[in-house]
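Here's the structure we're looking at; comments come further down.
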Amino acid sequence: MPWRQALTDDHHKRREKKLWRSRQQLESPQAIEVSRNGKRCINFCSNDYLGLASHPELIQASTLAVQKWGVGSGASHLVCGHQTSHHQLELELAEFVGAEKAIFFSTGYMANLAIPQSFLRRGDLLLQDKLNHASLIDSAGLCRAEFKRYRHNDLQHAQDLLDNSQAERKLISTDAVFSMDGDQAPLAKLGTLAEKFSTVLLIDDAHGFGVLGQRGSGSYEAANLKPNEHRLMLGTLGKAAGSFGAFVAGDTPYIEHLEQYARTYIYTTALPAPVAEASRAALRIIQRENWRREKLSELINLFRPGIEQLGLDLMESSTPIQPIILGDESRALQASKILEGRNIWVSAIRPPTVPAGSARLRITLSAAHEKNHLNALFEGLKEIKERLF
Ligand SMILES: *Cc1c(COP(=O)(O)O)cnc(C)c1O
34 MPWRQALTDD HHKRREKKLW RSRQQLESPQ AIEVSRNGKR CINFCSNDYL GLASHPELIQ
94 ASTLAVQKWG VGSGASHLVC GHQTSHHQLE LELAEFVGAE KAIFFSTGYM ANLAIPQSFL
154 RRGDLLLQDK LNHASLIDSA GLCRAEFKRY RHNDLQHAQD LLDNSQAERK LISTDAVFSM
214 DGDQAPLAKL GTLAEKFSTV LLIDDAHGFG VLGQRGSGSY EAANLKPNEH RLMLGTLGKA
274 AGSFGAFVAG DTPYIEHLEQ YARTYIYTTA LPAPVAEASR AALRIIQREN WRREKLSELI
334 NLFRPGIEQL GLDLMESSTP IQPIILGDES RALQASKILE GRNIWVSAIR PPTVPAGSAR
394 LRITLSAAHE KNHLNALFEG LKEIKERLF
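Residue 390 in my numbering sits at position 357 of the sequence shown; the count goes up by one each step and never skips.
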């Protein structure tokens with residue numbers, strides 16, 4: 034079959050299965066009340082958990098930085114693109130998360146790709162949770178190690194796989210907060226497992242950084258841990274920090290090794306300094322304004338009983354990610370449409386992003402939501418419960 038014809042066929046099949054995805058155009062800055070298709074709506078699907086994406090301090094920091102540093106960094110970090118803004122951000126991130134050192138990557142996706150590729154060799158073992166983010170899963174493809182997955186949060190299964198492995202180096206990696214379910218990995222136990230096997234645990238804290246822990250430094254803090262020789266941490270800056278980019282933090286030899294060997298760090302242009310400056314501004318707000326995390330907790334504590342009252346099923350999540358499982362794809366799409374009719378934006382998440390039969394509304398809460406936003410959402414979900422169940 035000619036290539037073009039095959040693509041068209043695939044397109045039709047995907048549409049029939051209700052799996053075709055289309056982008057919606059956002060016509061305003063990222064915020065709680067946004068404009069899409071010419072209409073205002075309330076947004077319950079961004080990862081802007083603290084409401085920082087269009088915060089005036091981030092805007093000012095990046096504006097000043099454009100004037101001071103220009104736009105492009107002009108080269109990769111190891112050639113001549115590593116500017117003072119990048120460097121300062123790395124120092125501040127390391128201090129904030131209590132690590133010896135941190136390295137700043139262009140995206141979380143790229144940072145995840147770098148880690149097995151830099152540390153593991155042929156014959157080593159990469160061990161991951163089944164529900165890990167696509168970027169962790171994809172990282173297996175960039176290295177020669179054997180790749181095994183344990184059942185979701187199943188420590189016994191993880192331990193069995195470690196016990197049965199002859200590999201010299203074994204890297205365990207997990208989402209700290211699972212991006213589609215909102216539940217958390219048992220970090221204390223995984224940390225103990227890593228120590229027992231003299232190996233390293235990598236946590237992907239894309240959804241915990243800024244949100245979890247008293248100070249907001251993430252899932253390790255919430256579990257009373259810090260990055261160390263058995264524990265690496267990856268954080269992203271495009272979610273709660275409202276900016277863009279990512280970092281890996283840990284003991285100095287590990288971070289220096291990434292600087293030497295991480296292909297997605299070495300062979301790419303350094304991020305623009307204004308983006309790094311926006312992240313630095315976000316870091317100051319995260320440290321200064323505890324009320325954002327407290328407000329998020331209050332909203333989560335209002336949300337869950339509200340949903341239970343409606344008779345809808347919740348998942349085991351105490352994070353701002355609060356999915357409502359609807360089952361098949363078409364029901365999830367209909368639910369999203371019902372909310373759209375009420376000017377509420379929650380996207381339907383379908384396979385292959387989530388397992389078949391678990392299509393869902395992935396509702397995310399932000400410190401910038403108010404009670405009236407939640408009430409509007411409850412009304413919409415009530416209609417969904419009445420019409421679709
Ligand atoms: C979003 C996300 C990433 C990717 O981070 P980017 O900076 O957006 O590339 C990695 N891991 C998890 C768990 C994520 O949710």
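By construction, the Cβ of each residue, glycine as well, lies at the ideal position given by its N, Cα and C atoms.
Alpha carbons only, please: which of the options is nearest the one belonging to residue i?
i    : options                : result
L410 : R154, L291, L394       : L394
L204 : I148, R248, A401       : I148
S389 : S399, Q150, K222, K50  : The sequence as given places Ala at residue 389; Ser does not occur at that position. The option with the nearest alpha carbon to A389 is K50.
H119 : G278, G360, K415, S330 : G278
S95  : E123, A315, H263, A108 : A315
A86  : P219, A392, A311       : A311
H185 : H45, H166, N197, Q199  : H166
S79  : P356, D361, F152       : P356
L111 : S391, R154, L291       : L291
Q121 : R37, I318, P305, R313  : R313
Q342 : R47, D237, N408, R56   : N408
S106 : P305, L235, F138       : P305
R383 : L359, H406, H402, A401 : L359
T140 : S276, K404, D361       : S276
Y287 : H45, L153, K418        : L153
D361 : G103, P62, D216, A392  : A392
T301 : T232, G114, E416       : G114
Our contact map puts residue i next to residue j with C-beta atoms below 8 Å; I'd like the distance itself, whole angstroms only.
i    : j    : result
F77  : T397 : 6 Å
L160 : D214 : Rounded, the Cβ-Cβ distance is 20 Å, inconsistent with contact.
R337 : L329 : R337 to L329, Cβ: 13 Å. No contact.
I377 : I75  : 5 Å
R267 : V281 : The sequence shown places Leu at residue 267, not Arg. So it is a contact: roughly 5 Å between Cβ atoms.
L188 : L220 : That belief does not hold up - the Cβ atoms of L188 and L220 are roughly 11 Å apart, past 8 Å.
R364 : L421 : 6 Å
S109 : A309 : Not quite, the Cβ-Cβ distance comes to about 15 Å (not below 8 Å), so this is no contact.
Q63  : D81  : 5 Å
Taking only heavy atoms of ligand 3 into account, decide whether any of them is closer than 6 Å to the Cβ of residue i.
i    : result
D237 : Inclusion of ligand 3 in the displayed structure is not the case, the ligand content consisting of ligand 1 alone.
Using 7 Å as the threshold, is the C-beta distance between residue i and residue j below it?
i    : j    : result
A132 : P260 : yes
G344 : L372 : no
A381 : S369 : yes
L146 : T297 : yes
E228 : H190 : no
I318 : G249 : no
L223 : L265 : no
A401 : I136 : no
S151 : Y294 : yes
L83  : R321 : no
L492 : R73  : Lying outside 34 to 422, the shown extent of the chain, residue 492 is not represented and no answer is given.
D157 : A127 : no
S252 : D237 : no
L195 : F230 : yes
Are at least three pairs of beta-carbons, each pair with one atom in the segment 204-224 and one in the segment 342-362, less than 8 Å apart? Because the criterion of three Cβ pairs below 8 Å is met, the segment 204-224 and the segment 342-362 touch.
Using 8 Å as the Cβ pair cut-off and three pairs as the minimum, do the segment 232-247 and the segment 266-286 touch? These segments touch.
Go through the segment 128-165 residue by residue and report every complete run of the beta strand (DSSP E) that reaches 3 residues or more, in order. 134-138, 158-162
Quick check on the DSSP output: what are the complete beta strand (DSSP E) runs of length 3 or more inside the segment 209-296, in order along the chain? 233-237, 264-269, 279-283
Report the residue ranges of all alpha helix (DSSP H) runs contained in full by the segment 307-391; include only those spanning at least 4 residues, in chain order. 323-343, 362-374
Completely contained alpha helix (DSSP H) runs for the segment 47-117, where each covers 4 or more residues: 89-102
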